[in-house]
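In this text, residue positions in the sequence shown follow the working numbering: the first is 138, and each later residue adds one. Here a beta-carbon is modelled for each residue, glycine too, at the ideal position from N, C-alpha and C.
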Amino acid sequence: MNMDGRDENLESLAQMSNRYGGDPRYVLAGGGNTSWKNETELYVKPSGTSLATIRADGFAGVGRAGLDAILKRQYDPYDEAKREADVLADMMASRLPWSLDRRPSVETLLHNLCPGAFTAHLHPSLVNGLTCGADGPSRARGMFGDGVMWIEAYKPGYALASLYSRKLEERGSAGKPTPDVILLQNHGIFVTADSPGEIGSLLDGVMKTLDRNAPIKPRRDIVAIEPSRLAEAKKKIADATQKHVTVGVPTILHAANAGILEMMADENAFLPLSSPFTPDHVVYCKARFLYLESASETAGRYTRFVSENGYAPRVICVRNVGAFFIGQDERQARNAAELFQDAADIAAYSRNFGGPLHMTQELTDFIIHWEAESYRQKMV
Ligand SMILES: [Zn+2]
């Protein structure tokens, strides 16, 4: 059972996962995933679990031959939903016998293609300031050269892994080495190496370079809001949300800091937050936020938002008061708060890299309707 040091490697994988998962600079909520593999087996974070708490026996084991076969197989080129369902079925069928109660991460196919034994996929806001920056591709080339692969914004899962596979082949035929760092536009970073220590050094290198090249930082200094004004806005939001929450009383959290209040100064200042930067923002905050210039507009604008978008807002921004996060429970509201702050941080960092660049509507729609993401959202 432990001929190739599997147990020790899975223990190291769990430690690495907990270290990054527990540090909000690298990943939030149920975001990110990690893996370890040998010649025949790959162990990856299951979908809907959290890097912060995963243990050595918590990973999903998958046979690599099955994963290799998925990328060679022909799937329905016209019916995206059918393709995704078939890929998922093939991936589930590749699980090792002791992992049948787990669903491997949506990025398992990409982990399988990465050259290192260990791979970490994370969503640091500092990195995403670059990947969500209008000048991202040229700035990445300038800072990191050929040692880093840039992948343009693309549908996650099978489609992304296929694109990466094609890019690897192109690099191979051009005689270029396989990079150990991949930057995914509007998404995050993959780092791959033969040990967690090497992953740490590579990631540190990227973070330090970005930090030096990003003099504009998020402004998170807390701003006190006058209590009666805050209470009034919260009451109006509670009244509006009440009829859209199916179970119990919604949890409403509030945040106000210099950075987010500045972005709520008017419709124009709010543009960087007007649509999502990465899939996690859609998963935890929904695709759009409701922006109000005054709390007195809440009832009417809330109803209009629901009829225009088909869902209730999870984030409501009120000028001079701050952002409100509405959840069916505490966890949902807290995840929305964390990912909203992440979006605000990315907006700030992106100003160092050509200004904010959001996901396209097509990509956002794909995430909204992707079964894999609704599964993930349900779990964490
Ligand atoms: Zn990701």
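Residue 172 sits in a strand when the DSSP states are folded into three classes. For residue 167, the CB stays at least 6 Å from every heavy atom of ligand 1. For residue 148, the enclosing alpha helix (DSSP H) stretches over residues 143-158. The region 315-326 and the region 284-297 touch, with three or more beta-carbon pairs separated by less than 8 Å. In the three-state reduction of the DSSP assignment, residue 462 falls in the strand class.
Counting along the chain, residue 257 sits inside the beta strand (DSSP E) bounded by residues 255-259. The DSSP-derived three-state label of residue 506 is helix.
For residue 394, DSSP records a beta bridge to 359.
Along the region 321-387, the beta strand (DSSP E) occurs as fully enclosed runs of 3 or more residues at 325-330, listed in sequence order. Approximately 6 Å separates the beta-carbon atoms of residue 191 and residue 151; this is inside 8 Å, confirming the contact. Restricting attention to 396, 262 and 377, the CA atom closest to the CA of residue 388 is found in 377.
Counting along the chain, the unbroken beta strand (DSSP E) around residue 286 starts and ends at 285-288. The nearest non-hydrogen atom of ligand 1 is less than 6 Å from the C-beta of residue 325. Leaving aside the five residues that flank residue 163 on each side, the residues in its chain whose CB is nearer than 6 Å to its CB run, in chain order, 157, 259 and 261. For residue 179, the enclosing beta strand (DSSP E) covers residues 178-181. Residue 197: member of the beta strand (DSSP E) spanning 197-200, first to last residue. Bridge pairing for residue 241: 183 [DSSP]. A residue is called buried once 16 or more other Cβ atoms fall within 10 Å of its Cβ, and residue 189 is buried on that count. Collapsing the DSSP output to three states places residue 452 in a strand. Secondary structure at residue 192: coil, using DSSP grouped into helix, strand and coil. Annotated as distal: residue 495 and residue 442, with beta-carbon spacing of 7 Å or more. Counting only the Cα atoms, residue 143 lies some 14 Å from residue 333. 374 is the residue among 237, 229, 212 and 374 whose C-alpha sits nearest the C-alpha of residue 436. Residue 362 places its beta carbon 7 Å or farther from that of residue 311.
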